[in-house]
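Everything below concerns the one structure shown next.
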Amino acid sequence: MMAAARHNLLERLPTVAGDYTENAPLAPLAWFRAGGAAEILFRPADSDDLARFLAAKPCDIPVSLFGSGSNILVRDGGIPGVVIRLGAAFRECRVDWQGDNAHVHAGAGAIDINVARFCRDAGVAGLEFLVGVPGTIGGALRMNAGAYGQEMADVTVEAEALDANGVRRRLTLKDLGFAYRDSAAPEDLIFLSAILEGRRGAASEIAERMAEIETSREDSQPIRTRTGGSTFINPPGEKAWELIDRAGCRGLKRGGAMVSEKHCNFLINTGGASAADLEGLGEEVRRRVKQETGITLEWEIRRIGRFADGLEGGAS
Ligand SMILES: Cc1cc2nc3c(=O)[nH]c(=O)nc-3n(C[C@H](O)[C@H](O)[C@H](O)COP(=O)(O)OP(=O)(O)OC[C@H]3O[C@@H](n4cnc5c(N)ncnc54)[C@H](O)[C@@H]3O)c2cc1C
Numbered sequence: 002m003m004a005a006a007r008h009n010l011l012e013r014l015p016t017v018a019g020d021y022t023e024n025a026p027l028a029p030l031a032w033f034r035a036g037g038a039a040e041i042l043f044r045p046a047d048s049d050d051l052a053r054f055l056a057a058k059p060c061d062i063p064v065s066l067f068g069s070g071s072n073i074l075v076r077d078g079g080i081p082g083v084v085i086r087l088g089a090a091f092r093e094c095r096v097d098w099q100g101d102n103a104h105v106h107a108g109a110g111a112i113d114i115n116v117a118r119f120c121r122d123a124g125v126a127g128l129e130f131l132v133g134v135p136g137t138i139g140g141a142l143r144m145n146a147g148a149y150g151q152e153m154a155d156v157t158v159e160a161e162a163l164d165a166n167g168v169r170r171r172l173t174l175k176d177l178g179f180a181y182r183d184s185a186a187p188e189d190l191i192f193l194s195a196i197l198e199g200r201r202g203a204a205s206e207i208a209e210r211m212a213e214i215e216t217s218r219e220d221s222q223p224i225r226t227r228t229g230g231s232t233f234i235n236p237p238g239e240k241a242w243e244l245i246d247r248a249g250c251r252g253l254k255r256g257g258a259m260v261s262e263k264h265c266n267f268l269i270n271t272g273g274a275s276a277a278d279l280e281g282l283g284e285e286v287r288r289r290v291k292q293e294t295g296i297t298l299e300w301e302i303r304r305i306g307r308f309a310d311g312l313e314g315g316a317s
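Residue numbers (my numbering): 2 to 317.
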């Protein structure tokens, strides 16, 4: 039944220059190394291919975006419909100088760390924080990613995106509606690129700042583990990790999932964790924090797809 449904889905999709993969495992692509498959994974050849796909695809077929999977927990039953992953054609990085002001054009598929390194080599200061955020520019726009006192809202001039019908749109900073680890831009927009603002700086100083950030992350976060980064957003005036610690959850386990000993707002796949283990552990942490402190933690990690029993989990 499922195989037949998948087959039918592929037949209903438009012809594209990129490629479709049926029943594509997403765990190898996600930082957690857990979770199910995409019913169809679509890698568009370029933005025109993606625009044509969106314009022609039947509107009842759900579409989701997968950046580098550093802030996503894919549930064990996988993601129905088409999951889009941006490839090499979306990794452009170039700089336009206006005097000492730099406008860095970065494709939505470009890895933040590579954009930071590009800026260092081009003598662009002000975007060093990107070395502290795993993920792509598209994911950073959606999440208003930030680290070490800066976030996307501070540096974004504008973004280009496709709407659900494949129509190109330019979004100003105001349109992007950045808030703490969030953007108010419509959820069905697919970011194609961003223009980020920097200024002329000395490569050696930029490199020094980046090295400081890298060392600090290495010391404070379990970045070499299978994790999704910060699990919960910091409630106003509070730090999520402190509340989790206070509720006695440091090191708490469920199946192969564990609350990091090093940074207890990080969940870790110690090996063989299912997405249900990770999500269940997160829910247990929320329950204990609420009981201990009266504060309800909200998920920062986006949990998407179906549970293993096929039930819809909804997106968050
Ligand atoms: C070890 C570790 C440390 C981290 N540290 C930080 C940190 O310091 N600060 C911080 O802010 N975050 C941090 N994160 C979280 C994560 O890196 C960021 O949220 C990142 O911006 C997500 O980018 P991504 O490409 O991996 O997006 P994904 O995780 O793949 O997706 C996240 C969301 O963005 C959407 N999305 C992705 N690409 C696009 C696109 N092109 N158009 C529209 N929507 C899109 C997805 O649909 C999804 O809703 C950390 C994560 C890890 C694993």
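Don't be surprised by glycine CBs; every beta carbon is placed ideally from N, CA and C.
Just so we're clear, the structure is a prediction, and the values are computed from it rather than from any experiment.
Non-local C-beta neighbours of ASP176 in its own chain, meaning closer than 7 angstroms and more than five positions away in sequence, comprise ALA186, ordered along the chain. At least one heavy atom of ligand 1 lies less than 8 angstroms from the C-beta of SER65.
Residues of the same chain with a CB within less than 6 angstroms of the CB of PHE192, apart from the 5 flanking positions on each side, are ALA109, GLY139, LEU142, ALA160, ALA162 in chain order. Apart from sequence neighbours up to five positions away, the residues of its chain that approach ALA28 with a beta-carbon distance below 6 angstroms are ARG34, ALA35, GLY36, ordered along the chain. Only residues of its own chain outside the window of five on either side were considered, and among them HIS106, ALA107, GLY108, ALA111, SER194 have a CB closer than 8 angstroms to the CB of GLU93, listed in chain order. As computed with DSSP, MET259 is found in a beta bridge with LYS254, ILE269. Closest in C-alpha terms to ASN166, from the list LEU55, ALA38, GLU262, comes LEU55. In the three-state reduction of the DSSP assignment, SER65 falls in the strand class.
When Cβ pairs closer than 8 angstroms are counted between the two stretches, the stretch 147 to 155 is seen not to touch the stretch 222 to 234, the count staying below three. Per the Cβ contact rule, the stretch 251 to 261 is not in contact with the stretch 299 to 311 (fewer than 3 Cβ pairs under 8 angstroms). For MET144, the Cβ falls inside the 8 angstroms cut-off from some heavy atom of ligand 1. The beta carbon of LYS291 sits closer than 8 angstroms to those of THR297, LEU298, all from its chain and outside the five residues before and after it, given in chain order. For PHE233, there is no enclosing beta strand (DSSP E), as DSSP marks it with neither H nor E.
The residue among SER65, ALA31, ASP61 with its C-alpha nearest the C-alpha of PHE43 is SER65. Of the candidates ARG171, ILE224, ASP47, ALA31, ASP47 places its Cα closest to the Cα of ALA18. In the DSSP assignment, VAL116 falls within the unbroken alpha helix (DSSP H) covering 113 to 123.
Per the Cβ contact rule, the stretch 203 to 223 is not in contact with the stretch 77 to 90 (fewer than 3 Cβ pairs under 8 angstroms).
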